[in-house]
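There are 2 protein chains.
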Amino acid sequence: MADALKIGIAGLGTVGASLVRVLQTRADMLAVACGRPIVATAVSARDRSRDRGIDVSGAQWFDDAVEMARHADIELFVELMGGSGDPAYSSVKAALSRGLHVVTANKALLAKSGVELAVLAEEKGVILNFEAAVAGGIPVIKALRESLTGNTVSRVYGIMNGTCNYILTRMEKEKLSFETCLKEAQRLGYAEADPAFDIEGNDTAHKLSILTTLAFGTQIAADDIYLEGITNISLEDIEAAADLGYRIKLLGVAQKTASGIEQRVHPTMVPQDSVIAQVDGVTNAVAIESDILGELLMVGPGAGGNATASAVLGDIADIAKSRPGAQLVPSLGRPARQLDVYKRGEIQSHEGGYFIRLTVQDKTGVFASIATRMAENQISLESIMQRPKSHNDKAERQTVILVTHATTEHSVRQAVAAIETEGYLIGKPQVIRIERPVAN
Amino acid sequence: MADALKIGIAGLGTVGASLVRVLQTRADMLAVACGRPIVATAVSARDRSRDRGIDVSGAQWFDDAVEMARHADIELFVELMGGSGDPAYSSVKAALSRGLHVVTANKALLAKSGVELAVLAEEKGVILNFEAAVAGGIPVIKALRESLTGNTVSRVYGIMNGTCNYILTRMEKEKLSFETCLKEAQRLGYAEADPAFDIEGNDTAHKLSILTTLAFGTQIAADDIYLEGITNISLEDIEAAADLGYRIKLLGVAQKTASGIEQRVHPTMVPQDSVIAQVDGVTNAVAIESDILGELLMVGPGAGGNATASAVLGDIADIAKSRPGAQLVPSLGRPARQLDVYKRGEIQSHEGGYFIRLTVQDKTGVFASIATRMAENQISLESIMQRPKSHNDKAERQTVILVTHATTEHSVRQAVAAIETEGYLIGKPQVIRIERPVAN
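Here the protein sequences line up with chains A and B, keeping their order.
For the first sequence, position 35 matches number 35 in UniProt numbering, and the numbering has no gaps at all.
For the second sequence, position 200 matches number 200 in UniProt numbering, and the numbering has no gaps at all.
Here's what the structure looks like:
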């Protein structure tokens with residue numbers, strides 16, 4: 001059997017501890033599968049004294065991850081600290097510069113500096129793997145980078161934030177408010193004390209930007225994403241969606257259009273009988289539509305120490321199985337210097353169906369006015385309905401729900417703006433885009 | 001750029017023609033992704049004169065695939081002829097013996113000779129890839145072999161035959177008989193003129209045997225699978241399943257049990273709100289349950305020239321990216337000589353829930369007798385119900401539906417045998433196993 005692959009692990013939180021445990025308990029199995037043992041010979045974390053329930057006494061300890069990247073006797077640097085800044089950035093850069101392979105689970109780092117790091121890895125002839133950075137345990141990076149070679153991707157979309165999906169699922173199943181479900185998610189550890197990063201869609205955007213690059217061969221453009229979170233979704237929206245045969249999911253969608261690549265993260269209505277509509281709770285799902293393969297959907301755990309560690313381990317195993325002299329699979333699907341410049345598809349030109357919920361004064365002519373404003377903007381309606389009033393509803397207001405056939409964002413915004421000037425609208429209109437899977 | 005990878009394609013049916021087309025039209029894209037061009041320099045098929053809508057004039061023609069494997073100037077032999085016998089077997093063996101890499105889409109060949117061929121590939125230091133052999137375009141082989149490295153799999157199951165899933169879906173959605181839907185599937189080209197291989201479950205069994213080996217590290221045992229097809233499934237079963245919150249799918253299931261590895265292919269009731277229950281028509285799905293990752297489900301096209309060609313292309317690309325000196329990923333997940341002997345888990349000891357449909361004479365005491373026979377066999381019932389009679393039902397008979405809590409196959413068979421001796425049963429009892437996803 002060949003020499004052991006010596007790895008250094010920076011970050012011993014949930015994922016890091018899980019990884020150390022698996023490397024120790026499955027050492028024999030891994031050695032058989034990879035053709036050589038994998039041994040963590042160096043570890044780094046902030047607090048050496050903390051009890052993590054793992055034994056790292058056999059590994060060299062570094063207080064400083066950058067030091068470990070520079071000096072540890074390792075071939076592979078595993079970055080599990082998170083964050084787009086230091087020490088993650090500097091340590092990964094130091095490791096690659098030194099000619100070490102790198103495995104990272106850090107979506108923020110890749111969203112910000114992925115291309116730069118991939119260029120460096122290719123210059124140094126080493127591997128940069130990051131399966132765990134998007135949708136946790138779901139092997140979507142490998143699918144895009146390897147299985148779909150030769151395919152032209154037209155759309156990639158998915159449920160990539162467990163917190164949001166947990167909240168939306170609970171709201172629907174238990175008929176609870178957004179606020180109640182958010183608190184429940186926090187209590188269960190599915191949401192952070194400051195949940196903004198998840199519920200505003202930023203986390204999904206980071207992941208989407210990485211998928212976009214792999215799917216379309218463009219540079220990573222994480223700041224160029226249309227973003228809408230789920231804080232504005234009410235139980236009323238969810239119930240109206242159900243009545244119309246839809247569920248609401250926070251999707252990240254990247255799509256090739258005439259004007260460029262659309263990248264958008266927003267609450268989305270998906271048909272109730274589609275497979276992705278059934279993905280509940282903290283589970284993630286990613287769909288890829290491509291011209292040769294067709295539609296591929298992958299569903300699995302998007303977070304959690306073990307699922308993430310499993311993806312990291314798969315990346316490590318791929319490196320253990322490789323050898324000097326082997327051709328490198330480009331980290332981002334094609335050589336990083338050959339990525340196209342990202343050209344943004346403007347949200348204004350987005351085409352699709354829309355759900356529009358309006359609270360209006362209960363008076364004659366409102367229906368006609370709404371329908372007229374839609375027609376003036378060439379929007380054809382699939383349905384227009386008045387929601388049955390609940391006991392609590394004030395008599396003088398009613399809810400009007402519209403579902404449009406395919407139209408453009410621009411037309412919808414024009415129509416809604418026109419309706420807003422009419423004077424019968426109460427509160428803000430709710431507009432939710434509809435996304436239809438090609439199949440499934 | 002490195003030298004081109006020269007490949008020979010044996011078999012120019014739908015998949016082969018699609019592959020040739022893609023290699024030609026995407027040549028530049030593939031060269032960038034793989035670091036070198038991929039060129040089909042040799043082809044083989046039975047009839048040289050047939051018009052396949054592709055240009056193979058630049059490739060050397062072989063009437064005999066074995067000749068091509070032995071003598072063509074190629075590094076990689078692509079087998080797309082199908083069948084477990086010759087010329088597929090001899091040509092793949094000749095190619096591996098000569099030190100060529102092999103990509104095949106041939107499930108029958110692998111089910112019969114997969115271990116022998118993997119041993120040969122490993123002796124010769126070449127790659128044997130077969131992503132397209134199971135579930136078409138779904139990258140389940142790569143997931144099991146690479147992404148799940150280090151995981152212990154507990155169960156793998158899936159919808160792996162599009163013909164059966166098409167028939168079952170049509171029966172449910174259109175309330176049609178099995179026979180009508182089978183004819184429709186034949187008319188649309190989803191089913192062969194002789195459909196036995198699909199509808200009796202043999203096709204699923206071949207695929208399952210390959211997944212079992214990758215999941216559990218045991219030798220391929222395609223002849224050691226409990227097999228039940230869908231010919232016995234009536235619209236009445238499907239409707240009763242729907243009333244109870246289930247759908248009926250033909251699943252292949254491999255599961256680790258105390259007595260060995262259960263491999264079974266049979267109609268299965270899955271909960272209506274599970275993700276896999278939503279997989280309709282010719283679409284395939286494979287779920288993998290493992291201890292570190294959790295549950296991973298992949299859904300996609302299981303057949304068709306393009307989807308299959310896409311999987312073959314992914315395999316070819318992996319080989320194009322590899323280089324002499326690279327460590328080989330063992331074809332079957334671990335070195336083929338180190339696979340464990342397959343120990344069969346007996347169907348009699350299968351544990352799970354059951355759906356039992358009995359047509360009985362409409363007389364006093366029948367319900368009590370059925371319930372008693374169940375209790376005598378320690379079977380606890382989740383529900384027992386009488387189906388509403390339709391207009392056509394004869395007055396003197398009624399249908400009794402039982403759903404059991406988890407029990408054993410042995411107990412169910414004992415109880416049903418006891419009921420059969422009572423004299424009130426009309427026709428044969430219908431017994432369908434229930435399978436529950438852990439999540440999703």
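Note that beta-carbon positions come from the ideal geometry of N, C-alpha and C, so glycine has one too.
Chain B partners of residue i, CB-CB under 7 angstroms?
i: Gln-338 of chain A; result: Val-32
i: Arg-433 of chain A; result: The contacting residues do not exist; Arg-433 of chain A stays about 22 angstroms from chain B at best.
i: Val-3 of chain A; result: Per the sequence shown, residue 3 of chain A should be read as Asp rather than Val. By Cβ distance, chain B contributes nothing, its closest Cβ being about 12 angstroms from Asp-3 of chain A, past 7 angstroms.
i: Glu-26 of chain A; result: Residue identity differs from the one stated: residue 26 of chain A is Arg in this sequence, not Glu. Ordered by position in chain B, the residues that pass the 7 angstroms Cβ test against Arg-26 of chain A are Gly-150.
For residue i, decide whether its Cβ has a neighbour in chain B, counting only Cβ atoms nearer than 8 angstroms.
i: Leu-296 of chain A; result: yes
i: Met-269 of chain A; result: no
i: Pro-139 of chain A; result: yes
i: Gly-314 of chain A; result: yes
i: Leu-293 of chain A; result: yes
i: Asn-306 of chain A; result: yes
i: Ala-317 of chain A; result: yes
i: Gly-300 of chain A; result: yes
Need the endpoints of the beta strand (DSSP E) that residue i sits in, please.
i: Gly-385 of chain B; result: The displayed chain sequence assigns Met, not Gly, to residue 385 of chain B. Unbroken beta strand (DSSP E) run through Met-385 of chain B: 381-386.
i: Asn-284 of chain B; result: 283-290
i: Glu-295 of chain A; result: 294-301
i: His-182 of chain A; result: The question names His, yet the displayed sequence has Leu at residue 182 of chain A. Taken as a continuous stretch (DSSP letters only), Leu-182 of chain A belongs to no beta strand (DSSP E), being part of the alpha helix (DSSP H) at 178-187.
i: His-405 of chain B; result: Run containing His-405 of chain B: none; DSSP gives neither H nor E here.
i: Gln-60 of chain A; result: 60-62
i: Ile-146 of chain A; result: One detail in the question is off: residue 146 of chain A reads as Glu in this sequence, not Ile. Neither: Glu-146 of chain A is in no beta strand (DSSP E) and is coded neither H nor E.
i: Thr-104 of chain A; result: 101-104
i: Glu-79 of chain A; result: 76-79
Who are the Cβ neighbours of residue i in its own chain at under 6 angstroms, not counting the five residues just before and after it?
i: Gly-11 of chain B; result: Leu-80, Met-81
i: Val-253 of chain A; result: Tyr-157, Arg-264
i: Gly-333 of chain A; result: Arg-145, Leu-214
i: Arg-436 of chain A; result: none
Nearest chain A C-beta to residue i closer than 8 angstroms, yes or no?
i: Gly-58 of chain B; result: no
i: Lys-183 of chain B; result: no
i: Ala-133 of chain B; result: no
i: Gln-278 of chain B; result: yes
i: residue 445 of chain B; result: Since the first residue of chain B shown is 1 and the last is 440, residue 445 of chain B is not available in this structure.
What does residue i pair with, by DSSP beta-bridge criteria?
i: Met-269 of chain A; result: A:Ile-248, A:Ile-434
i: Gly-158 of chain A; result: A:Gly-252, A:Val-286
i: Tyr-354 of chain B; result: B:Arg-433
i: Asp-340 of chain A; result: A:Thr-218
i: Glu-262 of chain B; result: B:Gln-255
i: Arg-397 of chain B; result: B:Gln-361
i: Leu-227 of chain B; result: B:Val-265
i: Val-153 of chain B; result: B:Ser-290
Beta-carbon within less than 7 angstroms of residue i's beta-carbon, same chain only, minus the 5 sequence neighbours each way: which residues are those?
i: Pro-335 of chain A; result: Glu-122
i: Ser-18 of chain B; result: Gly-305, Asn-306, Ala-309
i: Ile-210 of chain A; result: Lys-107, Leu-110, Ala-111, Gly-114, Ala-133, Val-134, Ile-220
List the residues of chain A that residue i touches, going by C-beta distances under 7 angstroms, in chain order.
i: Met-29 of chain B; result: Gly-150
i: Asp-273 of chain B; result: Gln-278
i: Val-22 of chain B; result: Gly-150, Ile-292
i: Ala-309 of chain B; result: Ile-292
Quick one: which chain B residues come within Cβ less than 8 angstroms of residue i?
i: Val-329 of chain A; result: Lys-321
The alpha helix (DSSP H) with residue i in it runs from where to where?
i: Ile-7 of chain B; result: Ile-7 of chain B -> not in any alpha helix (DSSP H); beta strand (DSSP E) instead, spanning 5-10.
i: Ile-276 of chain B; result: Neither: Ile-276 of chain B is in no alpha helix (DSSP H) and is coded neither H nor E.
i: Gln-414 of chain B; result: 409-420
i: Val-126 of chain A; result: Element bounds for Val-126 of chain A: n/a, residue is neither H nor E.
i: Ile-38 of chain A; result: Here Ile-38 of chain A belongs to no alpha helix (DSSP H); instead the beta strand (DSSP E) covers 38-44.
i: Thr-14 of chain B; result: 14-25
i: Leu-425 of chain A; result: Here Leu-425 of chain A belongs to no alpha helix (DSSP H), and DSSP marks it neither H nor E.
i: Gly-305 of chain B; result: 305-321
Using the beta-carbon of each residue, which ones in chain B are nearer than 9 angstroms to residue i?
i: Lys-142 of chain A; result: Pro-139, Lys-142, Ala-143, Glu-146, Ser-147
Is the shortest distance between the beta-carbon of residue i and the beta-carbons of chain D less than 8 angstroms?
i: Ser-154 of chain A; result: Here the protein chains are A and B, and chain D is not one of them.
Whose C-beta lies closer than 8 angstroms to the C-beta of residue i among residues of the same chain, with five residues either side of it excluded?
i: Met-236 of chain B; result: A quick correction: the sequence has Glu, not Met, at residue 236 of chain B. These residues qualify, in order along the chain: Arg-357, Arg-387, Thr-399.
i: Gln-378 of chain B; result: Thr-407, Ser-411
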